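Chemist: For the sequence shown, our numbering begins at 6 and goes up steadily by one.
Where a beta carbon is used, it is the ideal one built from N, C-alpha and C, also for glycine.
Values in this document were obtained by computation on a predicted structure and should not be read as measured data.
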Amino acid sequence: MLRTRHEATEVLLTDSGTSALILAMRATIPVGATVAYPAYGCIDLTTAALGANVKVRLYDIDPVTLSPDLDSVRRAIGRGVSAIVVAHLFGYPADIVGVREIAAEHGVPVIEDAAQAAGGRLDARSIGSHGDISVLSFGRGKGMTSGSGGAVLVRRSALEQWAHRARSMLGPGRTGGREAAALAAQWILARPMLYRIPASIPGLRLGEMVFRPPREPRPITSTAAKLLGAALEMDNNEVRGRRLRAHDIIARLRPNSRMSPVRPIAGGESGYLRLALLDTKGDAAALPSVGAVRGYPLTLEQHPQLRTQLAPGERAENGALHLRDRLFTAPTHSRVYAKDLSVLIAWATAANPISVEQLSPVAVA
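Right, here's the structure in full:
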């Protein structure tokens, strides 16, 4: 099913999306080579760079769309890279078509990081179908989840033999078993009003950017592989619901609202893993009791673990800095009920900063 949905000639199932990205970089560039990364994104990008042992250059992100700034991409490639990673943040399609046109001028392969992009589409094709090689994630919190796991999707004939060799080297997967329990816990605690329970436990470090050191990639567990089949069958309904809830919030926003929605690029349809909102005045507060939280608090340049891999002189530009300071995200999944949605709407549409005590529910059709 993954092969058909994402137009791949080979699919390699792994233990995580991070492992998939490590393998994708190993497949396309030599150890010690340089890859272009978005300057703003998940800390797992740092883990993957360390695991693949590559140097990193940075390109900027347009805060209005969460898509690569193509002028910045051109500059980053011009400074010398062997590959470029394009990440679709929070389910919003990145302009990978534009990036591929620039990359092709320099003979640079494009690695598509679709870990957060379940359900998204670009030019009527599933996100995860556009790179020379693409990666998916099925971990907890992803739109299409089996509790753990990832995938490398190959399209170039030159990489098909690599995929066969990599599958043999990974060997058989473990049985697993914890994935089902983890998914059950996620389903219960996904209720925004219940999020405050685990969020109040310091040891869980929810809402933080937690660095996990790289480890050698492994195959997906047999339990996760079985759960993945069910997740694929349920995916369309879940995506449809996420879009409805996201559009409901967006439709209520006004010019004087505190939050402004990030807009998908032309030809793109977001899967809304999270609804991305920009604080228009710079003084909004998160509302974790309903899952409305700040985006990533650091640019990639600021990850201390990436410093050894960062190419000299690489710095985050204005778009990434704006996202670091102004981006918030809100939940859209099926455990967001009408009461939660009404509070999220009141929070996002308020003209002035407000506390949870000041929120009055908004009627939701």
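For residue 245, is the classification buried or exposed, using 16 other Cβ atoms within 10 angstroms of its Cβ as the cut-off for buried?
Modeler: Exposed: under 16 other Cβ atoms inside 10 Å.
Chemist: Might you give, ordered along the chain, the residues of its own chain that have their beta carbon closer than 7 Å to the beta carbon of residue 297, omitting 5 neighbours on each side?
Modeler: Once the five neighbours on either side are set aside, the close Cβ partners of residue 297 are 291, 333, 335, 349, 352.
Chemist: Can you pull the DSSP bridge partners for residue 350?
Modeler: None, per the DSSP bridge assignment.
Chemist: What first and last residue would you give for the beta strand (DSSP E) that runs through residue 117?
Modeler: Note, residue 117: beta strand (DSSP E), 115-118.
Chemist: Hey, how far is the Cα of residue 402 from the Cα of residue 282?
Modeler: A query on residue 402 cannot be resolved here, the shown segment of the chain reaching from 6 to 370 and no further.
Chemist: Cα separation between residue 61 and residue 53?
Modeler: Spanning the two alpha carbons is a distance of roughly 11 Å.
Chemist: Just the Cα atoms here: how many angstroms apart are residue 141 and residue 34?
Modeler: Looking at the two C-alpha atoms, the distance is approximately 19 Å.
Chemist: Please report the Cβ distance between residue 11 and residue 134, rounded to the nearest whole angstrom; I am assuming they are in contact, meaning their Cβ atoms lie under 8 Å.
Modeler: 5 Å
Chemist: For residue 26, count neighbouring Cβ atoms within 10 angstroms of its own Cβ and tell me buried if that reaches 16, exposed if not.
Modeler: buried
Chemist: Can you tell which of 155, 276, 170, 104 has the C-alpha that lies nearest to the C-alpha of residue 122?
Modeler: 276
Chemist: Here's a check: name, in chain order, each residue in its chain whose Cβ is nearer than 8 Å to the Cβ of residue 39, leaving out the five neighbours to either side.
Modeler: 59, 60, 61, 62, 85, 86, 87, 316
Chemist: Would residue 172 pass as a contact of residue 137 if the rule is Cβ separation under 7 Å?
Modeler: no
Chemist: Should residue 269 go down as buried or exposed, given a rule of 16 or more other Cβ atoms within 10 Å for buried?
Modeler: So residue 269 ends up on the buried side.
Chemist: Bridge partners for residue 266 per DSSP, in chain order?
Modeler: 282
Chemist: In three-state DSSP terms, what is residue 55?
Modeler: helix
Chemist: Whose CA, out of 159, 125, 80, lies closest to the CA of residue 116?
Modeler: With respect to the C-alpha of residue 116, the residue from 159, 125, 80 having the closest C-alpha is 159.
Chemist: Can you give me the Cβ contacts of residue 251 inside the same chain, cut-off strictly under 8 Å, excluding the 5 residues immediately before and after it?
Modeler: 275, 277, 280, 337
Chemist: I need the straight-line Cα distance from residue 56 to residue 223, nearest angstrom please.
Modeler: 13 Å
Chemist: Please list the terminal residues of the continuous alpha helix (DSSP H) segment that includes residue 106.
Modeler: Its alpha helix (DSSP H) spans residues 101-110.
Chemist: So, with DSSP's three-state summary, where would you put residue 157?
Modeler: strand
Chemist: Please classify residue 106 as buried or exposed, where buried requires at least 16 other C-beta atoms within 10 Å of its C-beta.
Modeler: exposed
Chemist: Give me the Cβ distance between residue 267 and residue 71, rounded to the nearest whole Å; I'm assuming they're in contact under 8 Å.
Modeler: 6 Å
Chemist: Return yes when the Cβ of residue 78 is within less than 7 Å of the Cβ of residue 118, no when it is not.
Modeler: no
Chemist: So what does DSSP say about residue 126, is it helix, strand or coil?
Modeler: Looking at residue 126 - three-state DSSP - the assignment turns out to be strand.
Chemist: Use the C-beta contact count for residue 110: other C-beta atoms within 10 angstroms, 16 or more gives buried, fewer gives exposed.
Modeler: exposed
Chemist: Looking at residue 289: is its Cβ nearer than 7 Å to the Cβ of residue 263?
Modeler: yes
Chemist: Tell me the DSSP secondary structure of residue 218 in three-state form.
Modeler: coil
Chemist: Counting only the same chain and skipping the five closest in sequence on each side, list residues whose C-beta sits under 8 Å from that of residue 7.
Modeler: Cβ within range, chain order: 13, 16, 141, 156, 158, 237.
Chemist: In chain order, what residues of the same chain lie with their CB nearer than 7 Å to the CB of residue 272, ignoring the 5 residues before and after it?
Modeler: 127, 128
Chemist: Considering only the beta carbon of each residue, do residue 66 and residue 42 sit closer than 7 Å?
Modeler: no
Chemist: If you check the beta carbons only, do residue 331 and residue 284 fall under 7 Å apart?
Modeler: yes
Chemist: How about residue 125 and residue 98: do their beta carbons lie closer than 7 Å?
Modeler: Cβ atoms of residue 125 and residue 98: closer than 7 Å.
Chemist: Using DSSP with H/G/I as helix, E/B as strand and the rest coil, what is residue 43?
Modeler: Residue state, collapsed to three classes: strand.
Chemist: So for residue 372, helix, strand or coil by DSSP?
Modeler: The question about residue 372 has no answer, for the chain in this structure spans 6 to 370.
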